[in-house]
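A.B. asks: Right, I'll just put the structure down here and ask away after.
Protein chains: 2
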Amino acid sequence: MRIVKSAGLRRQELLDIALKLFATRGYDETSVNDVIEAAGLSKGAFYHHFSSKEDLMKALAIRYAEDAAARARGVLEDRSLDCFERLSRFLSRMRDTKAAATPETYAAFAPLFNPENIDLYERTRLAVNEVVRPMLVGIIREGVAEQTFDTPDPEGAADVILHLMGVTRPTVAELYAARSRPEIDRISRRLLQQMTYIGTVVDRILGIPEGSIGLADCHTIDEVARVWHASAVA
Amino acid sequence: MRIVKSAGLRRQELLDIALKLFATRGYDETSVNDVIEAAGLSKGAFYHHFSSKEDLMKALAIRYAEDAAARARGVLEDRSLDCFERLSRFLSRMRDTKAAATPETYAAFAPLFNPENIDLYERTRLAVNEVVRPMLVGIIREGVAEQTFDTPDPEGAADVILHLMGVTRPTVAELYAARSRPEIDRISRRLLQQMTYIGTVVDRILGIPEGSIGLADCHTIDEVARVWHASAVA
DNA sequence: AGGTGCTAGACCGACCGTCGGTCGGTGAAC
DNA sequence: GTTCACCGACCGACGGTCGGTCTAGCACCT
């Protein structure tokens, strides 16, 4: 039985399937045969749409990155907000956890936090940063100019801040791996604490009053814990 | 022709060879056959010493980590120094660049900065942090107690500082890839700037006067550039 | 409007070389 | 003579290739 679909549609299908498989088994442990079996497609069809297995991963990373960049863009270019407000909103959109605060995105972002997929994570991070770094540098420069921020090296500050977003990764990974209710609660509390602290680090990096940047709030974390618990049970 | 050596010696030989191959081609692109060919050994001999290819990489990561942990330990446990001095020396020993400031270690650490070996890098980082984090937390706690440092979350600060060590990785990787004299000079200058800035970030994180922590000095960087240039030519 | 011929490209699956890994056996050293 | 470093033929699975097939849709003719 042969089902023909448009190239774009089939590509997305294959990406969705790869997403799920990479989330559970990881990139290395997922064979091309696994993917095409799940898709009900032939080897030839797969290599008609992707030039290699690695090309499949790259495409996934690009899809992630475009999503993340889109989330960031709107806020960063809103000239009606002062640079402090823009930075604050920007950071709350960028953080990894936010992405997985709804059931749909929970499943979609899982592979990024599977420790076996550092490669995919790193590729995504690089692609995101390429788009987002110039915007962030712009905000910080503006903030320094209008004396809201105080830092000797806006570009360095941007690099460090973007890098800091990765501090919580191991904790988020633990959260994905957690299965029982108390475990999820414990880890999500630790995550909240980490994110709070990272907020104050950003405050100090930019020389603004402590407590200005709120990366986390109890409500969001509880929401995340709730969604993830639901997913864990299912 | 059959050459018999002690297990320990042969293991180290295989690790050294893997080091070189991973540095140039990366883990995935290096086959077990490549390793045993370079070692002049059989497949069976390899699997007599390592249970899998991944086991080989783990062993490499552990060797790296033990080296790094040993470098850190002496300083951190020296009770004759105040916690500020200990932190300062600790950071200067931990940083990636320092490791490669001599010709021998240059070659030994190269694979860690090959972008294709993030997996190896990450494993090493985790292993190092497991040993080093408690020490760093101890110093920071002490510093807070004697009011040298000011931070609301010593553990969080330790995590962030350890994580910050990775900011320079892409630049170091570029440096390894560079081949011409002017290119090496340009990149090493950028590296110096990055490291200087990271020093001031640590200052702010710990609430100490700006300029207290010197991660980089011109002399070291010049030395690194010199060594690396010599290696690049060879 | 309804056939007809043709082409682009989505899809097929047998096949290939290489890989990581196994295993029964060999020989050197103590 | 026991131990253990070492050998190398062998295995199944993998990523990737290739010649070929099928079909949707378009141009063209009646």
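One line per chain: the protein sequences are A and B, in this order.
Under numbering that gives the first Met the number 0, the residue at position 48 of the first sequence is numbered 47, and the numbers go up by one with no gaps.
Under numbering that gives the first Met the number 0, the residue at position 70 of the second sequence is numbered 69, and the numbers go up by one with no gaps.
In this text, a Cβ means the ideal position worked out from N, Cα and C, and glycines have one as well.
Rounded to whole angstroms, what's the CA-CA distance from T147 of chain A to D158 of chain B? Just pull it up for me.
C.D. replies: In a straight line, the C-alpha of T147 of chain A is about 27 angstroms away from that of D158 of chain B.
A.B. asks: Any chance you could list the alpha helix (DSSP H) runs of at least 4 consecutive residues sitting entirely within the region 158 to 222 of chain A, in chain order?
C.D. replies: Those alpha helix (DSSP H) runs which fall completely within the region 158 to 222 of chain A and span 4+ residues are 168 to 176 and 180 to 205.
A.B. asks: For Q192 of chain A and chain B, any beta-carbon pair shorter than 9 angstroms?
C.D. replies: For Q192 of chain A, the answer is yes, since a Cβ of chain B falls inside 9 angstroms of its Cβ.
A.B. asks: Beta-carbon within less than 8 angstroms of K57 of chain A's beta-carbon, same chain only, minus the 5 sequence neighbours each way: which residues are those?
C.D. replies: Within the same chain, K57 of chain A has close Cβ partners R122.
A.B. asks: Measuring alpha carbon to alpha carbon, tell me which residue in B:P181, B:A37, B:S51 and B:L111 is nearest T167 of chain B.
C.D. replies: Answer by Cα proximity: B:L111.
A.B. asks: What's the gap between the Cα of E154 of chain A and the Cα of L161 of chain A?
C.D. replies: Each residue's alpha carbon lies about 11 angstroms from the other.
A.B. asks: How about L8 of chain B and V34 of chain B: do their beta carbons lie closer than 9 angstroms?
C.D. replies: Cβ distance not < 9 angstroms, so L8 of chain B and V34 of chain B don't count as in contact.
A.B. asks: Please state whether DSSP places T104 of chain A in a helix, a strand or coil.
C.D. replies: Helix at T104 of chain A.
A.B. asks: When we look at the beta-carbon of G73 of chain B and count the other beta-carbons within 10 Å, is it buried (16 or more) or exposed?
C.D. replies: That one is exposed.
A.B. asks: With a cut-off of 9 angstroms, does the C-beta of G25 of chain A fall near any C-beta of chain B?
C.D. replies: Not one chain B Cβ lies under 9 angstroms of G25 of chain A.
A.B. asks: Using a cut-off of 7 angstroms between C-beta atoms, extract the partners of T199 of chain A located in chain B.
C.D. replies: Neighbours of T199 of chain A on chain B, chain order: P151.
A.B. asks: Verify the CB distance criterion: does L174 of chain B have a CB-CB separation below 9 angstroms to chain A?
C.D. replies: No, its Cβ sits nowhere closer than 9 angstroms to a Cβ of chain A.
A.B. asks: Just how far apart, CA to CA, sit M194 of chain A and M194 of chain B?
C.D. replies: Their backbone Cα atoms lie some 24 angstroms apart in a straight line.
A.B. asks: Would you mind reading off the limits of the alpha helix (DSSP H) that contains P114 of chain A?
C.D. replies: Where P114 of chain A is concerned, there is no enclosing alpha helix (DSSP H), given that its DSSP letter is neither H nor E.
A.B. asks: Report the residue ranges of all alpha helix (DSSP H) runs contained in full by the region 10 to 54 of chain A; include only those spanning at least 4 residues, in chain order.
C.D. replies: Taking only runs of at least 4 residues, the alpha helix (DSSP H) segments lying wholly in the region 10 to 54 of chain A are 31 to 38 and 42 to 48.
A.B. asks: Whole angstroms is fine: what's the gap from L119 of chain A's alpha carbon to D81 of chain B's?
C.D. replies: Looking at the two C-alpha atoms, the distance is approximately 43 angstroms.
A.B. asks: Are A64 of chain A and A22 of chain A close, meaning C-beta to C-beta below 9 angstroms?
C.D. replies: No, these two residues do not count as a Cβ contact at 9 angstroms.
A.B. asks: Establish whether the CB of A162 of chain A and some CB of chain B are separated by less than 9 angstroms.
C.D. replies: Residue 162 of chain A is actually His in this sequence, not Ala. True, the Cβ-Cβ gap to chain B drops below 9 angstroms.
A.B. asks: Could you check the C-alpha separation between T104 of chain A and R185 of chain B for me, to the nearest Å?
C.D. replies: Between T104 of chain A and R185 of chain B, the C-alpha separation is close to 42 angstroms.
A.B. asks: Between the beta-carbon of R85 of chain A and the beta-carbon of I138 of chain A, is there less than 9 angstroms?
C.D. replies: Yes, the pair counts as a contact, with Cβ atoms nearer than the cut-off.
A.B. asks: Would you call R124 of chain A buried or exposed, if buried means 16 or more other Cβ atoms sit within 10 Å of its Cβ?
C.D. replies: It is buried - the Cβ of R124 of chain A has at least 16 other Cβ atoms within 10 Å.
A.B. asks: Just tell me which of B:I212, B:G206, B:L174 and B:R1 has its CA closest to the CA of A44 of chain B.
C.D. replies: Nearest of B:I212, B:G206, B:L174 and B:R1 to A44 of chain B, Cα basis: B:R1.
A.B. asks: Could you work out which residues of chain A lie near Y196 of chain B, taking near to mean beta carbons separated by less than 8 angstroms?
C.D. replies: Result: P151, D152, G155, A156 and V159.
A.B. asks: For E121 of chain B, go through chain A and note every residue whose CB falls closer than 7 angstroms to its CB, in chain order.
C.D. replies: Those within 7 angstroms of E121 of chain B in chain A are I117.
A.B. asks: Contact check, E115 of chain B vs Y175 of chain B under 8 angstroms by CB: the rounded distance?
C.D. replies: Wrong, their Cβ atoms sit about 12 angstroms apart, outside the cutoff.
A.B. asks: Under 9 angstroms between C-beta atoms, does G165 of chain B make it to chain A?
C.D. replies: With 9 angstroms as the cut-off, G165 of chain B counts as an interface residue toward chain A.
A.B. asks: Exposed or buried, what is V223 of chain B when buried is set at 16 or more other beta-carbons lying within 10 Å of its beta-carbon?
C.D. replies: That one is buried.
A.B. asks: Would you decide whether S187 of chain B is buried or exposed? Buried here means 16 or more other CB atoms lie within 10 Å of its CB.
C.D. replies: S187 of chain B should be labelled buried.
A.B. asks: Given A109 of chain B, which residues of its chain have a CB within under 7 angstroms of its CB, disregarding the five upstream and five downstream residues?
C.D. replies: These residues qualify, in order along the chain: A22 and Y175.
A.B. asks: Name the chain A residues whose beta carbon is nearer than 7 angstroms to that of I204 of chain B?
C.D. replies: Within chain A, the residues near I204 of chain B are V200 and R203.
A.B. asks: Quick one, are the C-beta atoms of I207 of chain B and D149 of chain B less than 9 angstroms apart?
C.D. replies: Yes.
A.B. asks: Under 9 angstroms, do F89 of chain A and A69 of chain A count as touching if we go by C-beta distance?
C.D. replies: Not in contact: F89 of chain A and A69 of chain A (Cβ atoms no closer than 9 angstroms).
A.B. asks: Within 10 Å of its beta-carbon, does S87 of chain B have 16 or more other beta-carbons around it, so buried, or fewer, so exposed?
C.D. replies: Result: buried.
A.B. asks: If you compare alpha carbons, which of B:V200, B:S41 and B:Q192 is closest to D221 of chain B?
C.D. replies: Selected option, being the one with the closest Cα: B:Q192.
A.B. asks: Label N32 of chain B either buried or exposed according to how many other C-beta atoms from any shown protein chain fall within 10 Å of its C-beta, with 16 as the threshold for buried.
C.D. replies: Looking at its Cβ environment, which holds fewer than 16 other Cβ atoms inside 10 Å, N32 of chain B is exposed.
A.B. asks: Pick helix, strand or coil for P133 of chain A, following the three-state DSSP scheme.
C.D. replies: Three-state result, P133 of chain A: helix.
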